[in-house]
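Numbering (the numbering used here), first residue to last: 1 to 290.
Here it is as structure tokens:
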């Protein structure tokens, strides 16, 4: 059985950068401790567990923001903003309360945030293509003063009503499905030809999805690795499934089923941007020994 691993599988540059920044900060005596992180640094429990072993504390975004920041200030700690990014309020409040911040926002997410603010300042009608409940999408929208129209599926397009007196500007979550993003862009452009479309899908996401489509056509079986909580990981599985019905989604090696590989000659492996290399290595080793 031939096993092919995607050259883009696993941590993207943004996630790798955030992970390394936190590891370095946890050992840096100059960084105020304890270190707090809003939610999960990435949507992968194995990574979260390793970070917590470094003494980094995860705090929930569901609690009152002012109270959370006051508790961090009381402990003279440091706040980490994850690679997904956050809205302007957190920067304003931490500055006001004089709380130390380590910002690991992915540079590509920062680009989307900057565009969102520019369009909002221009009073444009903004469309964000993204998962409405995702941290990144929420953060980008907050840079528009939460005035953007969020599109996460074709159903949202049926009720789309735009203010034609305003300039229409479109941006997307950096890990969005490129096919769906293109569909939305074309849909809007047909009705509003002057709409301004900004390509904010990151190049790694683009390359990962493009390669996967080819792998799904040329392999008997596709296995996508990632956490069910990871939007970009589940999206990879969905993309593969549209092309190859024998596409499976797993989080760890123990979930592989032998019947998936019955009469199988070739297997293609991909993994989401939040999937660590040690998980991929374990799964590859497991497959080789089947």
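A virtual CB, placed ideally from N, CA and C, is assigned to each residue, including glycine.
C-beta atoms of residue i and residue j nearer than 8 Å
i           : j           : result
residue 10  : residue 228 : no
residue 102 : residue 51  : no
residue 148 : residue 83  : no
residue 90  : residue 81  : yes
residue 270 : residue 40  : no
residue 230 : residue 44  : yes
residue 144 : residue 175 : no
residue 118 : residue 171 : no
residue 198 : residue 79  : no
residue 203 : residue 47  : no
residue 56  : residue 15  : no
residue 97  : residue 69  : yes
residue 280 : residue 222 : no
residue 1   : residue 265 : yes
residue 140 : residue 112 : yes
residue 287 : residue 256 : yes
residue 232 : residue 272 : yes
residue 177 : residue 239 : yes
residue 123 : residue 166 : yes
residue 216 : residue 244 : yes
Helix, strand or coil at residue i [DSSP, three-state]
i           : result
residue 14  : helix
residue 83  : coil
residue 168 : strand
residue 253 : helix
residue 205 : helix
residue 152 : coil
residue 8   : coil
residue 277 : helix
residue 175 : coil
residue 76  : coil
residue 210 : helix
residue 25  : helix
residue 124 : coil
Identity of the residue in the options nearest residue i by Cα
i           : options               : result
residue 251 : 260, 282 and 209      : 282
residue 246 : 186, 165, 68 and 262  : 262
residue 214 : 242, 198, 25 and 122  : 242
residue 77  : 223, 100, 290 and 61  : 100
residue 299 : 209, 125, 226 and 237 : Summary: the structure shown does not reach residue 299, with the chain confined to residues 1 through 290, and so no result is reported for it.
residue 88  : 136, 54, 70 and 74    : 136
residue 259 : 238, 237 and 290      : 290
residue 219 : 116, 142 and 268      : 268
residue 161 : 134, 192 and 232      : 192
residue 210 : 179, 183 and 57       : 179
residue 110 : 217, 173 and 256      : 173
residue 36  : 97, 27 and 60         : 60
residue 153 : 165, 140 and 133      : 133
residue 107 : 216, 201 and 212      : 201
residue 23  : 49, 216 and 249       : 49
residue 58  : 38, 234 and 249       : 38
residue 13  : 278, 104 and 163      : 104
residue 93  : 234, 121, 195 and 64  : 64
Terminal residues of the beta strand (DSSP E) in which residue i lies
i           : result
residue 103 : 100-103
residue 113 : Run containing residue 113: none in the beta strand (DSSP E); it sits in the alpha helix (DSSP H), 107-121.
residue 148 : Residue 148 -> no beta strand (DSSP E), and no H or E assigned at all.
residue 58  : 56-59
residue 4   : 2-5
residue 265 : Unbroken run through residue 265: none, as it is neither H nor E.
residue 221 : 221-225
residue 31  : From DSSP, residue 31 is part of no beta strand (DSSP E); its letter is neither H nor E.
Span of the alpha helix (DSSP H) around residue i
i           : result
residue 235 : 231-243
residue 178 : 178-191
residue 48  : 45-53
residue 88  : 88-96
residue 142 : 135-142
Near the ligand GDP: residue i beta-carbon under 7 Å from a heavy atom
i           : result
residue 194 : Although the ligand GDP was asked about, the structure shown includes no ligands whatsoever.
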